[in-house]
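Numbering (our numbering), first residue to last: 99 to 631.
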């Protein structure tokens, strides 16, 4: 992650690290842990591509200097390139040993070579190894010394190039520096304490990628500083170096397609997927959105193939090199958060948070609702769903115009409220007689069902709006007053009451005011009596 303008590859590496770090704060499911394993596999494959590319760059530097007559200005650059390759290799091996130790101490891999899901969830062993045993602090020091060492080697060659440190504390990362719940954490506590093993493996693999990327950029700087020459190669191979060959639908596929032994002074034309791509210093830049697959295998993956073509003039004749690169589209997991997530209440404002953790910062959601309506929330992932009166609601989830998938829910009718008489704020005991002069504030209340009242406060406003209260003596009605709201004008009625009389309450209609302020009436038939003493 060099200073100055970042390349698409550098931005992708930075984004993936932030996404991996942010996901450590989630209560991850088995599916997400498995995605961490897939991401880790992809990162490890990318590291192998980096190593091959960097070895080739070192050989190119050595061969070029030799072909130019071992110019005394360029000879130290060969030694510097080898030293950079050695330091990078040592640090990558050190990180690989850390992953091996983590796997062995957690017994994370079974006899068949597969990861155990129970081990991937373990959050205690990473904290013990990296925090209690201080391996994480040692790792941080080595990771952050490496960019300075490479900067110094280049500086000795009069090459002005610097690199950011790799292992940062939370307050050094834009995503976390203003978050008071996280920004106090150092590198070890942010990444390894209370973090599942599956995520920690991916974090360390990401660090290996960053180390190799710094090495690659440093070798490129050395190559570009060499004197002019005519490069002749007798063996040429086409290559694609991708950030990962496992990508989530809705994210961006990024890679470099290049011809080994290519020269920045030679005009090269490239296509990928039948489309021309820009070529910078001999390297093609591939960037395209990945649509979802029509089907996925039992691992949640769908195989894809990218066909590329490189056309380069050799000896005055255009030579064409082709490549067929296989990668996989990972099925993203849609995560919905809500207290009413299993069923949505009919014609009510059901607030949902719909996320796709695999997309990270690239998540730009839009929602298409069948069987209801939607209202955008204050955050991109927030949405309010208003279902129809019955049936099902289907919510289609897209990101950046790419369809991710859908979730569907049954529509649940609004539960009827419970009607009860109150004297002010005290519910009246219907089993025991009440004095007439004690009923100073008779109210007939419609009380929401507890779960509905707690989760749907904007829609749980009920009121009895029709009915009557009768004064009954010896089973003969004497007087009555109408019910038109919560408070009942019962003073004159109670003034006539005698011991042994009854107040018979008949509720005939309940009105619910929804989140829009609309009145929804429903017929009821509730009858109960209050004995007078």
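Don't be surprised by glycine CBs; every beta carbon is placed ideally from N, CA and C.
Quick caveat, the model's predicted, so the values are computed rather than measured.
Identified DSSP bridge partners for residue i
| i | result |
| --- | --- |
| residue 613 | DSSP output for residue 613 lists no bridge partner at all. |
| residue 221 | DSSP lists no partner for residue 221. |
| residue 506 | 492 |
| residue 449 | 482 |
| residue 406 | 370 and 421 |
| residue 594 | For residue 594, which the question treats as bridged, DSSP gives no partner whatsoever. |
| residue 627 | 602 |
| residue 199 | The partner list for residue 199 (beta bridge, DSSP) is empty, contrary to what the question assumes. |
| residue 525 | 520 |
| residue 289 | Per DSSP, none; premise fails for residue 289. |
| residue 559 | 611 |
| residue 213 | 207 |
Beta-carbon proximity check, residue i vs residue j, cutoff 7 angstroms
| i | j | result |
| --- | --- | --- |
| residue 289 | residue 271 | no |
| residue 430 | residue 297 | no |
| residue 588 | residue 540 | yes |
| residue 447 | residue 275 | no |
| residue 485 | residue 629 | no |
| residue 354 | residue 386 | no |
| residue 264 | residue 241 | yes |
| residue 607 | residue 617 | no |
| residue 230 | residue 286 | no |
| residue 312 | residue 248 | yes |
| residue 479 | residue 451 | yes |
| residue 303 | residue 141 | yes |
| residue 508 | residue 482 | no |
| residue 500 | residue 389 | yes |
| residue 292 | residue 221 | yes |
| residue 307 | residue 145 | yes |
| residue 383 | residue 255 | no |
| residue 635 | residue 399 | Residue 635 cannot be examined here, being either before or after the span of the chain that is shown, 99 to 631. |
CB-CB length for residue i against residue j, believed under 8 angstroms
| i | j | result |
| --- | --- | --- |
| residue 512 | residue 443 | 6 angstroms |
| residue 518 | residue 543 | 6 angstroms |
| residue 310 | residue 159 | The Cβ separation is near 17 angstroms, so there is no contact. |
| residue 251 | residue 178 | 5 angstroms |
| residue 338 | residue 421 | 6 angstroms |
| residue 295 | residue 218 | 5 angstroms |
| residue 514 | residue 592 | About 29 angstroms; that fails the 8 angstroms criterion. |
| residue 155 | residue 321 | 6 angstroms |
| residue 445 | residue 612 | 7 angstroms |
| residue 503 | residue 490 | With 8 angstroms as the limit, residue 503 and residue 490 do not qualify as a contact, their Cβ atoms being about 16 angstroms apart. |
| residue 622 | residue 595 | About 26 angstroms; that fails the 8 angstroms criterion. |
| residue 185 | residue 244 | 7 angstroms |
| residue 336 | residue 406 | 7 angstroms |
Euclidean distance between Cα positions of residue i and residue j
| i | j | result |
| --- | --- | --- |
| residue 377 | residue 467 | 42 angstroms |
| residue 597 | residue 560 | 33 angstroms |
| residue 238 | residue 319 | 26 angstroms |
| residue 367 | residue 404 | 17 angstroms |
| residue 493 | residue 537 | 51 angstroms |
| residue 187 | residue 269 | 29 angstroms |
| residue 418 | residue 259 | 35 angstroms |
| residue 461 | residue 171 | 49 angstroms |
| residue 282 | residue 546 | 44 angstroms |
| residue 163 | residue 224 | 46 angstroms |
| residue 65 | residue 584 | Given that the chain is displayed from residue 99 to residue 631, the structure contains no residue 65 and the question cannot be resolved. |
| residue 316 | residue 180 | 11 angstroms |
| residue 395 | residue 496 | 21 angstroms |
| residue 213 | residue 197 | 13 angstroms |
| residue 402 | residue 426 | 6 angstroms |
| residue 626 | residue 577 | 16 angstroms |
| residue 554 | residue 564 | 24 angstroms |
| residue 615 | residue 279 | 37 angstroms |
| residue 299 | residue 139 | 10 angstroms |
| residue 520 | residue 526 | 5 angstroms |
| residue 273 | residue 194 | 27 angstroms |
| residue 329 | residue 143 | Only weak support is given to the placement of residue 329: the predicted model assigns it a pLDDT of 42, under 50, and the value that follows is read from those uncertain coordinates. Roughly 29 angstroms separates the two Cα atoms. |
| residue 472 | residue 582 | 34 angstroms |
| residue 437 | residue 200 | 37 angstroms |
| residue 235 | residue 433 | 34 angstroms |
| residue 161 | residue 379 | 19 angstroms |
| residue 79 | residue 573 | Residue 79 is absent from the structure shown; the chain starts at 99 and stops at 631. |
| residue 548 | residue 232 | 50 angstroms |
Check: Between the stretch 143-150 and the stretch 200-209, do three or more beta carbon pairs fall short of 8 angstroms?
Finding: no
Item checked: Touch test, the stretch 567-585 against the stretch 449-456, Cβ-Cβ under 8 angstroms, three pairs minimum -> no
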